[in-house]
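Shown next, in structure tokens, is the structure this report addresses.
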Amino acid sequence: MEYGELNSEPQLEALLKLAGKHQLALAICAPVASTGNEEKDDEPELPLLNVRQPGRDPVELSIAVEENKALSFRLGDSALSRRVEKMLVDESIPKSVHDYKSALRLLARRTGTRTLGNESSPSPLAGVRDDVMLFSYLLNPTYSSHSLAEVALRRFNLQLSGMIAEAADVTLRLGRVLRTEVEGEIGLINVYETIDLPLVPVLARMEAAGVKIDTAALARMSVQLEKQCDARSKEIHGLAGEEFNVNSPRQLGEVLFNKLGLPKPVKYGKGKTISTAVDVLEDLAVEHEIARKVLDFRQLSKLKSTYVDSLPNLVDAETGRVHTTFNPVGTATGRLSSTNPNLQNIPIRTELGREIRSAFIAEAGNVLLSADYSQIELRLLAHFSDDPLLVEAYRRGDDIHQLTASEVFGVPPMLITAEHRGRAKAVNFGIVYGISPFGLAAQLGIDQKEAKKYIETYFDRYRGVRAFIERVLDETRREQRVRTLFGRIRPIPDINSKNANMRGFAERTAVNTPLQGTAADVIKLAMLKIDAELSRRKLRSHMTLQVHDELVFEVPEKEVDTMRELVSEHMQNVYPFKVPLVVDVGVGQNWRDLD
DNA sequence: CTGGAAAGCGCC
DNA sequence: AAAGGGCGCTTTCCAG
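First residue of the first sequence: 0, per numbering that gives the first Met the number 0; consecutive thereafter.
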């Protein structure tokens, strides 16, 4: 190993000369705490935030051009630092990294860059050709981790020491190997070059932009919820005849099923503990009012702990906003995930939950604009299956759940009730998720025989859908993997398993992944087009959130009309499917009240 | 005291 | 026996 320090300009010039022939790999990370006793602290100490100087945050960096060699450097204020920065922003110097988005954000924070790649402030890291993390993900998205350490272990059986020079070296070598593999998979390099890699700077900008939260409103809600929780919990103790922790499923089960002698759920309790999950308690609510109280308590306490009390803690002291992290390699299907906080699961279903959504607000002079795809997965099912009934219905703009109700329950469209429609909706969703009679029966509260009849009738009417599912399963059995429309792959090794249970899971996954994964590709493509359009037209609107089939923007009032048009057009026309993609757009002061 | 499993539940 | 796809967060509980 020749791991050394970069400490002169000639050294750097020699490196860059070599980089012309080979590729240059970078490892970039925040400096490790040198004092050694503050590293386990999760949250930064408050007084320090005020002394932080955005222009001066150092960053550790290491550069590798040849295997087993790397030069490390602390990016600070020196003349050499400025020379290194010039290299970093030089688009014509191709680079290999692991986790491009983290590098971008780290470098942006260091220089105090806010917008990350507008004409006003250029990207702090350009020319990235290879992102080892994205390569690893595209080659096998089912691994739970694509950290450099994990990838090095999996691919090279190499245990990393933590030295940054070693990280740069390994990034260089992994970059070469994994790029070759990605190029060897039909369509995969295309997904990489046209979707996942270009999306990284877009995601970095969304994270950096953040969202504004009405913390005062949340504080008021917290007080109210505290009272309500307390009251519910006292009522429950009264009904139970003893005090216990309602939050403990074990203690609750003890009280419900042993002390009060309520009927135990038929098939629940897969382990030793009897389930007290929502559907169990809903059945119980008929017998005893305590079950309803517990359900109410659960809802209140969930909303309070997960959202109302947590979100304010994640407001960034510098920006006054909440900055989630989008994980571009976090799912097996190609979707994004969101952490710290997860802004992809903000409540909407219940009135009380929606209250939390109303605390997501726009900056003064701005509004929030939300645009979501209507039933995108079912539309993709129509496209893939080419089912005449489904395709024609979507082309006509018919109500698809009503159609399914009419077809499956044999009721004339005129006579369909909300009840019918609701059940049909469950059937349609069931198809996308890979339905079983048991699952549908549980969902609809009917017996398995009837559920089975519904499913059979569905496939009788939607012949193309049945054929599509058979086609996907056949191909998966041969290839042991599935593919989205754009070429993203997911291994399905259990598809030929002798274990019927595992095989069943594999089959449902195989059917769902092309739909969910293609929808993920579609919205990513829309994000790219919209982002490009925003900078081309020099608009001041910016994208802030993505929630799988929805995009949220913060929009200056003057740009609302423009943005309504721009966003919905680009989302709808992202790809020429056989059926139209419909996009619903709403605008408002907060994330709940949208028109 | 910390880490992890299990249960439960918020979203698409 | 298990029995609808994909996530992340909070709480409880227990082992080390």
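Every residue, glycine too, gets a C-beta built ideally from N, C-alpha and C.
Note that the structure is predicted; figures quoted are calculated from it, not measured.
Practice problem: Keeping to the same chain, check which residues put their C-beta closer than 7 Å to that of Gln227; ignore five residues upstream and five downstream. | Solution: The residues are Leu299.
Quiz item: Do you know how far the Cα of Ile454 is from the Cα of Gly444?
Solution: Looking at the two C-alpha atoms, the distance is approximately 15 Å.
Self-check item: Option in His382, Leu310, Ser336, Glu149 with minimal Cα separation from Pro579
Solution: Out of His382, Leu310, Ser336, Glu149, His382 has the C-alpha closest to the C-alpha of Pro579.
Practice problem: Just mark Pro411 as buried or exposed, buried being the case when its beta carbon has 16 or more other beta carbons within 10 Å. | Solution: Here Pro411 is exposed, its C-beta having fewer than 16 other C-beta atoms within 10 Å.
Self-check item: Under the three-state DSSP convention, the category Gly268 falls into
Solution: At Gly268 the pLDDT is 49, less than 50, meaning the model places this residue with poor confidence and gives no usable figure here.
Exercise. List the endpoints of the continuous beta strand (DSSP E) containing Gly599.
Key: This structure does not reach residue 599, given that the chain is present from 0 up to 594, and the question cannot be answered.
Exercise. Pull up the distance between the alpha-carbon of Asp385 and that of Gln442, whole angstroms please.
Key: Each residue's alpha carbon lies about 28 Å from the other.
Quiz item: Helix or strand or just coil, what does DSSP make of Gly3?
Solution: Reduced to three states, the DSSP call for Gly3 is strand.
Quiz item: If we ignore side chains and look at the alpha-carbon of each, how far apart do Val150 and Leu25 end up?
Solution: So the alpha carbons of these two residues sit roughly 16 Å apart.
Exercise. Could you round the C-beta distance between Tyr99 and Val245 to whole angstroms and report it? I think they count as a contact, below 8 Å.
Key: With a beta-carbon spacing of about 46 Å, Tyr99 and Val245 fall beyond the 8 Å limit used to define contacts.
Quiz item: Which residues in the same chain have their Cβ closer than 8 Å to the Cβ of Leu550, if we skip the five residues on either side of it in sequence?
Solution: Within the same chain, Leu550 has close Cβ partners Ser369, Ala370, Asp371, Ile522, Ala525, Met526, Ile529, Met542, Leu544, Val566, Met570.
Self-check item: Beta-carbon proximity list for Pro9, same chain, < 6 Å, skipping 5 on both sides
Solution: Closer than 6 Å at Cβ, skipping near neighbours: no residue.
Quiz item: How about Ala63 and Asp168: do their beta carbons lie closer than 8 Å?
Solution: Cβ distance < 8 Å, so Ala63 and Asp168 count as in contact.
Quiz prompt | Contact between the segment 355 to 364 and the segment 209 to 222 (3+ Cβ pairs under 8 Å) | solution = Taking 8 Å as the limit for Cβ pairs, the verdict is that the segment 209 to 222 does touch the segment 355 to 364.
Self-check item: Residue nearest to Ser122 in terms of C-alpha spacing, selected from Leu105, Tyr393, Leu283
Solution: Scanning Leu105, Tyr393, Leu283 for the CA closest to the CA of Ser122 turns up Leu105.
Quiz item: Taking buried to mean at least 16 other C-beta atoms within 10 Å of its own C-beta, is Leu414 buried or exposed?
Solution: Residue burial annotation: Leu414 is exposed, with fewer than 16 other C-beta atoms found within 10 angstroms of its C-beta.
Exercise. Run the CB neighbour count on Ile347, radius 10 Å, all protein chains shown included, and call it buried at 16 or more, exposed below.
Key: Classification of Ile347: exposed, given that the 10 Å Cβ count is below 16.
Self-check item: Rounded straight-line distance, which links the Cα of His322 to that of Ala207
Solution: Just so you know, the alpha carbons of Ala207 and His322 end up roughly 6 Å apart.
Exercise. Can you say whether Ile185 is buried or exposed, counting buried as having 16 or more other CB atoms within 10 angstroms of its CB?
Key: Its Cβ having fewer than 16 others within 10 Å, Ile185 is exposed.
Practice problem: Return the CA-CA distance between Val510 and His21, expressed in angstroms with no decimal places. | Solution: Taking the straight line joining both Cα atoms gives about 42 Å.
Quiz item: Since Arg480 and Ile488 are thought to touch, with beta carbons under 8 Å apart, how far apart are those beta carbons, to the nearest angstrom?
Solution: Contact between Arg480 and Ile488 holds: their C-beta atoms lie close to 5 Å from each other, under 8 Å.
Exercise. Tell me Leu74's beta-bridge partners as DSSP assigns them.
Key: Beta-bridge annotation (DSSP): Leu74 is paired with Val58.
Quiz item: Going by the beta-carbon positions, is the gap between Glu406 and Arg482 smaller than 8 Å?
Solution: Inclusion of Glu406 and Arg482 in the CB contact set at 8 Å is not warranted, their separation being larger than that value.
Quiz item: Where His596 and Ser534 are concerned, what is the direct C-alpha to C-alpha distance, given to the nearest angstrom?
Solution: What the structure shows of the chain is the stretch from 0 to 594, and residue 596 is not part of that stretch, so it cannot be assessed.
Exercise. Compute the Euclidean distance between the alpha carbons of Asp41 and Ile375, then round it to the nearest angstrom.
Key: Low confidence applies to Asp41: its pLDDT is 40, below 50, so where it sits in the model is not reliable enough to give any reading.
Exercise. Could you tell me how far apart the beta carbons of Thr475 and Ile494 are, in whole angstroms, since I believe they sit closer than 8 Å?
Key: Yes, Thr475 and Ile494 are in contact; Cβ-Cβ is about 5 Å, under 8 Å.
Self-check item: C-beta contact flag for Asn365 and Val554 at 8 Å
Solution: A contact, by the Cβ cut-off of 8 Å.
Quiz item: Going by alpha carbons, who is nearest to Val586 out of Arg563, Arg353, Ala290, Pro248?
Solution: Looking at the Cα atoms, Arg563 is the closest of the given residues.
Practice problem: Tell me whether Val50 sits in a helix, a strand or coil according to DSSP, three-state version. | Solution: Note that Val50 has pLDDT 43, beneath the 50 cutoff, so the model's placement of it is unreliable and the number below is only indicative. Looking at Val50 - three-state DSSP - the assignment turns out to be helix.
Quiz item: DSSP on Lys100, reduced to helix/strand/coil?
Solution: Looking at Lys100 - three-state DSSP - the assignment turns out to be helix.
Quiz item: Alpha carbon to alpha carbon, what distance is there between Ser304 and Asn312?
Solution: Whole-angstrom Cα-Cα distance: 12 Å.
Quiz prompt | Extent of the continuous beta strand (DSSP E) to which Ile488 belongs | solution = 488 to 490 is the span of the beta strand (DSSP E), which, as asked, contains Ile488.
Self-check item: Counterpart residues of Gln545 in DSSP-defined beta bridges
Solution: For Gln545, which the question treats as bridged, DSSP gives the partners Leu550.
Quiz item: So, are the CB atoms of Ser221 and Asp130 less than 8 Å apart?
Solution: In terms of Cβ geometry, Ser221 and Asp130 do not form a close pair [threshold 8 Å].
Quiz item: Based on Cα-Cα distance, which residue from Arg507, Gln158, Gly352 lies nearest to Phe428?
Solution: The residue with the shortest Cα to Cα distance from Phe428 is Arg507.
Quiz item: Buried or exposed: where does Phe155 fall if 16 or more other Cβ atoms within 10 Å of its Cβ makes it buried?
Solution: By the neighbour-count criterion, in which a residue is buried when 16 or more other Cβ atoms sit within 10 angstroms of its Cβ, Phe155 is exposed.
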